[in-house]
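Colleague: Respectively, the protein sequence lines represent chains A and B.
Reading the first sequence from the start, the letters are residues 29 to 684 in the working numbering.
Reading the second sequence from the start, the letters are residues 29 to 684 in the working numbering.
The beta carbon of each residue, even a glycine, is placed where N, CA and C say it ideally should be.
2 protein chains.
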Amino acid sequence: MEPKVTYSDLVIIGAGPAGLMAAAWASRMGLDARTLDDKLDRVQTGRADGLHVRTLEILDSFGMANAINEKAYQLREICSWNPDPEDDSKIQRTERVRVKEEELGRFCQLGIHQGFIEQNFIDFLQREGRLSVERNTKTKSLQLEEALMTDHTAYPICLRIERNNITTNGATADQGCKKIPNTKMRSPQEEIIKARYLVGADGGHSWTRDQIGLRLEGGKTKVHFGVVDIVPITDFPDIRVSCSIHSTKAGSTMTFPREDRLVRFYVQLAETGSEGDDLDTSKVTPEMITEKASTILSPYKLSYEHCDWWSIYTVGQQCAPSFSKGNRVFLVGDAVHTHSPTMGAGMNVSMQDSYNLVWKLGQVIKGIAKPDILDTYNAERQSVAQTLIKMDRDMCDFYEKGAGSDAHNYDEFYERFRTFLSGVGVEYGPNSLVVTAREDDGSRDSQSGTDLDGSSQTRRPSTRSLASKIPLGQRLPSFLVLNHAEANIVHVHSMLPADGRWRLLVLAGDISQVAQMARLRTLCARMDAPSSFLRTYTPDGDKVDSVIEVLTIHAASRRKVEVFSLPELLRPFDSKLGYDYWKCYANNYEGEEGDFDDAYAEWGVDKDEGCLVVLRPDQHVSLVCGLQDVEEVEQFFSTILVPHKRRKAVAVGCGK
Amino acid sequence: MEPKVTYSDLVIIGAGPAGLMAAAWASRMGLDARTLDDKLDRVQTGRADGLHVRTLEILDSFGMANAINEKAYQLREICSWNPDPEDDSKIQRTERVRVKEEELGRFCQLGIHQGFIEQNFIDFLQREGRLSVERNTKTKSLQLEEALMTDHTAYPICLRIERNNITTNGATADQGCKKIPNTKMRSPQEEIIKARYLVGADGGHSWTRDQIGLRLEGGKTKVHFGVVDIVPITDFPDIRVSCSIHSTKAGSTMTFPREDRLVRFYVQLAETGSEGDDLDTSKVTPEMITEKASTILSPYKLSYEHCDWWSIYTVGQQCAPSFSKGNRVFLVGDAVHTHSPTMGAGMNVSMQDSYNLVWKLGQVIKGIAKPDILDTYNAERQSVAQTLIKMDRDMCDFYEKGAGSDAHNYDEFYERFRTFLSGVGVEYGPNSLVVTAREDDGSRDSQSGTDLDGSSQTRRPSTRSLASKIPLGQRLPSFLVLNHAEANIVHVHSMLPADGRWRLLVLAGDISQVAQMARLRTLCARMDAPSSFLRTYTPDGDKVDSVIEVLTIHAASRRKVEVFSLPELLRPFDSKLGYDYWKCYANNYEGEEGDFDDAYAEWGVDKDEGCLVVLRPDQHVSLVCGLQDVEEVEQFFSTILVPHKRRKAVAVGCGK
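#1: What do you reckon, are the CB atoms on GLY372 (chain A) and GLY78 (chain A) nearer than 7 Å?
#2: What span of residues does the beta strand (DSSP E) with THR122 (chain A) cover, start to end?
#3: Can you look up HIS13 (chain B) in the DSSP assignment and give me helix, strand or coil?
#4: Pull up the distance between the alpha-carbon of CYS107 (chain A) and that of GLN414 (chain A), whole angstroms please.
#5: Pull up the distance between the alpha-carbon of PHE664 (chain B) and that of ARG268 (chain A), whole angstroms please.
#6: Nearest CA to the CA of ASP230 (chain A): which residue from A:VAL364, A:MET316 and A:GLN137?
#7: Going by beta-carbon coordinates alone, are MET379 (chain A) and PRO45 (chain A) separated by less than 7 Å?
#8: For a cutoff of 7 Å on Cβ pairs, would you count PHE264 (chain B) as touching chain A?
#9: What in chain B is Cβ-close to TYR609 (chain A), meaning under 7 Å?
#10: Taking the alpha-carbon positions, what's the LYS418 (chain B) to GLN345 (chain B) distance?
#11: Is the Cβ-Cβ distance between ILE40 (chain B) and ALA52 (chain B) less than 7 Å?
#12: Using DSSP's beta-bridge definition, name the partner residues of TYR225 (chain B).
#13: Can the beta-carbon of LEU643 (chain A) be found closer than 7 Å to that of ARG531 (chain A)?
#14: Please compile the residues from chain A whose C-beta is within a distance smaller than 7 Å of the C-beta of ASP261 (chain B).
#15: Exposed or buried, which one is THR178 (chain B) when buried takes at least 16 other CB atoms within 10 Å?
#16: Smallest Cα separation from THR342 (chain A): which of A:ILE189, A:LEU655 and A:LYS250?
#17: List the whole-angstrom C-beta distance separating GLY569 (chain B) from MET57 (chain B), where the pair is believed to meet the contact cut-off of C-beta under 8 Å.
#18: Quick check: the stretch 518 to 527 of chain A against the stretch 81 to 93 of chain A, are there 3 or more CB pairs under 8 Å?
#19: Relative to the C-alpha of ALA54 (chain A), which candidate in A:GLU114, A:THR580, A:VAL312 and A:LYS394 has its C-alpha closest?
#20: Assuming ILE396 (chain A) and LEU669 (chain A) are in contact, meaning their beta carbons sit under 8 Å apart, how far apart are those beta carbons, in whole angstroms?
#21: Rounded to a whole number of angstroms, what is the C-alpha to C-alpha distance between ASP37 (chain B) and LEU59 (chain B)?
#22: Classify VAL71 (chain B): buried if its beta carbon has 16 or more other beta carbons within 10 angstroms, exposed otherwise.
#23: Nearest-angstrom Cα distance between ARG121 (chain A) and ARG587 (chain B)?
#24: Note down, in chain order, every chain A residue with its Cβ under 7 Å from the Cβ of VAL591 (chain B).
#25: To be precise: take each residue of the stretch 73 to 105 of chain A, compare its Cβ to all Cβ atoms of chain B, and keep it if any distance is under 7 Å. Which residues remain?
#26: Please name the residue, chosen from B:GLU514, B:HIS252, B:ASP623 and B:GLU218, that lies closest to THR281 (chain B) on a Cα-to-Cα basis.
#27: Can the beta-carbon of PRO595 (chain A) be found less than 7 Å from the beta-carbon of CYS552 (chain A)?
#28: Starting from the beta carbon of GLU333 (chain B), find every residue of chain A whose beta carbon is closer than 9 Å, and list them in chain order.
#29: Let's test the definition: count the other Cβ atoms within 10 Å of the Cβ of ASP602 (chain B) and tell me whether it reaches 16, buried, or not, exposed.
#30: What's the C-alpha gap between SER234 (chain B) and VAL454 (chain B)?
#31: Leaving aside the five residues before and after TYR294 (chain A) along the sequence, list all residues of the same chain whose C-beta is less than 6 Å from its C-beta, in chain order.
#32: Which runs of the alpha helix (DSSP H) fall wholly inside the stretch 584 to 660 of chain B and span at least 4 residues, in chain order?
#33: Am I right that ILE140 (chain B) and ILE96 (chain B) are in contact with their C-beta atoms under 8 Å? What's the rounded C-beta distance?
#34: For the stretch 613 to 642 of chain A, list every residue whose C-beta sits within 7 Å of some C-beta in chain B, in sequence order.
#35: Looking at chain A, is there any beta carbon in it that lies within less than 7 Å of the beta carbon of ASN148 (chain B)?
#36: Residues of chain B with a CB under 8 Å from the CB of GLU514 (chain A): which are they?
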């Protein structure tokens, strides 16, 4: 019997953190997508366990951060231990560093096992009710029809899969593998999926990567680490903070505390590099790893009754030469970059690959954006992977050398990397999605002749002076502001959920000033015109905010401006629901509404001037320009979006 | 056929918020308890909708606050509107009050419909897996066997119930009423439950109250209010904050915004008091209520497309003369007090009744505490109800008089009540569970001769000077402190989950000072003695913290004191799990660990002196005394707890 043929806009292979992040986007954007995994269930114990600030922000954009934050270990301190100079058979604390990651955002670094993260994604998908993971499903072959690769309405991908006899379906797919009574064992079922796009999130041994002929570059070292997750019984005083511990004779260990009294130990097993010193990893046991850690910790004792998980890994830094093929097949996560787990970065960077990629795919699949934007995935994420790998080499070097080198100072070392590692410092572009900052060119005339406020005709501040602390290409830093109508204090990021929409942030300035309110009205009148970008890219009949949502944060006192004096475009009316009060916000005017942030000051935005900020669906900053610079915004969107009248219908089956 | 007879330590009748709070305690304390409800499902829309700060703290002690906080409307501002003096057919804003409830705790006042709260309890019970609500179950008769009433090991309560044909069972009890295939309709099944204690949480028309011969006292007025929950379509600018609105001719309305764009309107329908002005409530419709609100709001417009719920109520203030019978049957919530909904207090006070009661029942049922402590329920909660009813009369008066009276100033009016209404200002005792504050008696010699620090022998500070801002009988105010081992910043309340244990909070002071550390060691040595209260009330073989948990918050720098220099009693060892690092905390020493609270300063505790604070399982303060005053703690517990060696076994069936 011929296998049945089905069509799908997007297939995701692999349901680890990277694959599930891709599925979460697909669910939120309402894509016709499939998520396949060859295993029977999610990871139960161990594996990756570190979450950084930016990852928490991203999880929060899907509503998942709080549940994870409640359960996880919160990292607040890192300590260094080194040999006691007076008795080098003992270690002593040489440094105590307060983790400052919370300065970078509203979350801190967490320790929680990968399976819990996966479970939160599974629960999310179930709540949303659009997608579920198809488990026990193997991929058999992958063919690409070259002739169709450049037609983005076509289905050039032909994926043959085999679903095995214990099938999962619908909402119960992720509830585990209960035996269903009276269900007979069936022979494996084959299916051919014709797809427009494919995401390979199938890990370090990626099948997808092999199919498209890519190989990881860079090699493995001979350095082997043992990893154990144990509930330690010890008198080591820093057992509940993360430590980097160097002994004179027994080598090094790193610790990272976790949920439920667990602590992870990374223990260096074999000496560095030398060819003759290979280790028979098949003979290593968790008892051996812990015994070695105990020796390193001397004079402190270490033992355990409960070991949750353990493993051995060999340090290696590898990266794929490309993260995609023809902008139809994309690779994310371990499939394209591997490195040591010492920085707890792996799961984060992997999920961030998908977070970067799938909104772009969603916009292209829906015909909103031009397929060219897919080029930015490789450009943006490969450079992140390369930076990470460079950093990982330095980190491994630091850990190997330990007390004997300049790198001894952990604080200094950590400071070099923490912004990048937190994920908050990651910067994209310039490219089609991030517009190069305008240099200070006060001499140039304004291109906009329609501004009512005559005084602004001759001044044209540079991007940098408009918002000196909003870095182009980075994610927008979040601060607390007030909902204008409710007076509720909310984080700016809470207005930016992951739903695939672009946002135009109107930082309107102090609109209690007549001239500034006039500028805002002019802006809205221009955005409300039939030819404006809001109308060009939004299908007739759809809500005005369905492609680009306009959000306002003004800098006037809430007490001086009534919500209905703001132009209606900023608080759109719905005949069933009334006005939308969740698009207009106020900066905390001279602290009159409590002891919290001054977002304008934090962003470096002048309250008498204001500015426009275009945000990508992943919260990264595309463009900053003046309130009068509607043409710049028009220009930006015209290079990447497709006018709704020119969108092509996708004919299912055209790939046959 | 004779109905089957079963035995239960506790039966809860009614699964509204008060009954579910009782069930939550029973679940957490592992009681043999039943929760019966005559309805098929929880409330779906409308009813109560206000949550105050203390209620959120309580919900948080069961792990439920975050989910509710995320979904609910957060009240930050209250506005008064009154007739425009220049044109009294119009209203104008006369006052804008920033709600300061967040000053009282870490939560703010919320608006969320009762059914969502109930669902959170149902989910909680399901997660815990010990209890579920038995729905569609009617109570038929209640008899009390007088001879057994004073024997607290006996089962004097005989409750006959009838379970109807669509039954619910186990974990699926609260999943709604799916039809189970092939389940035949059965005739109602009767059962006789012999119980030790009964909680009647069956509302304003309480069947339980009638059975024990109690009647509410106080009457209903002739003032009728209409209530609608609508998604308003309006140009009234304060529609998303809570308003008290008085018009000259059309009367008054109050508004309270809610989740999902809803706003509740309370609209006065009939004029005050006059006998001749009775209203035919059967003819009122939601359209009429909204029409009236719209007239009051003039010149603003009001209409709706979606009405979520509506009702009519007649203002009345009533209270039962007693909240219990023979310390075996207890009434909570609307069963013993009713008042107007104007303060959004009802659901809060009702849940707080159960929160006050059921840990006491749990301790008596388990034999840990003497039955006498049950007297405090009536004493503590009836006085709260009476205060609330007095306040409600003033509030109704204020709303009726509106603009025409001294009560015009909402801010001033609100300020009088906000601490009480928030629930944070509720104060219990003095009684057997709250020890009267010691007056300043510096002249009296110390009763304790064992203190190592000679200098403290002659000084004996009063309770007030030991902790000048910890009010006896009130709930302990929560501030941020550091976990000593993890450096994590946590709220003190997070250490006080609702699990039925007493806590001794050791505010150890600056133990980096040798003398202060010596005082702490002496304290621990005394508490560790075989005759100490920790041993007297804790069964042999049970964990040392199973009845009274000792928690330490010291005021030394975390950097100057190693966790293992704290006495082991404060971080007990477990042979499988190692040391317990979640009992030792540090005050933020001179702000060295970040920009957050100085809990000692907030509590008015001297860092060179410290003190002991005994906390009830409901977080209320029983006793404050000096670090050397172990006898006072002994004395306190000896009056209310039963030494474990004298605890009686409960013989099931002895009530027959």
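Modeller: If we stick to the structure as given:
#1: yes
#2: 115 to 126
#3: No answer is possible for residue 13 (chain B): it lies beyond the span of chain B, which begins at 29 and ends at 684.
#4: So the alpha carbons of these two residues sit roughly 28 Å apart.
#5: Cα to Cα, PHE664 (chain B) sits roughly 36 Å from ARG268 (chain A).
#6: A:VAL364
#7: yes
#8: No, PHE264 (chain B) does not count as interfacial toward chain A.
#9: Here the neighbours are ARG268.
#10: 8 Å
#11: no
#12: B:LEU38
#13: yes
#14: Before going on, a small fix: residue 261 (chain B) reads as Ile here, not Asp. Per Cβ cutoff of 7 Å: GLY606.
#15: exposed
#16: A:LYS250
#17: At roughly 19 Å, the Cβ-Cβ gap does not stay under 8 Å, so GLY569 (chain B) and MET57 (chain B) are not in contact.
#18: yes
#19: A:LYS394
#20: 6 Å
#21: 7 Å
#22: Around the beta-carbon of VAL71 (chain B), 16 or more other beta-carbon atoms lie within 10 Å, marking it buried.
#23: 11 Å
#24: For a Cβ distance threshold of 7 Å, residue set PRO265 of chain A lies close to VAL591 (chain B), ordered along the chain.
#25: ASN94, GLU98, GLN102, ARG104 and GLU105
#26: It is B:HIS252.
#27: yes
#28: SER603, LYS604, LEU605 and GLY606
#29: Around the beta carbon of ASP602 (chain B), a 10 Å sphere encloses fewer than 16 other beta carbons of the protein chains shown; the residue is thus reported as exposed.
#30: Across the structure, SER234 (chain B) and VAL454 (chain B) are spaced so that their CA atoms are roughly 25 Å apart.
#31: PHE253, VAL255 and MET282
#32: DSSP runs (the alpha helix (DSSP H)) wholly in the stretch 584 to 660 of chain B: 627 to 631.
#33: 6 Å
#34: GLU621
#35: No, its Cβ sits nowhere closer than 7 Å to a Cβ of chain A.
#36: TYR101, GLN102, ARG104, GLU105, ARG268, VAL269 and PRO285
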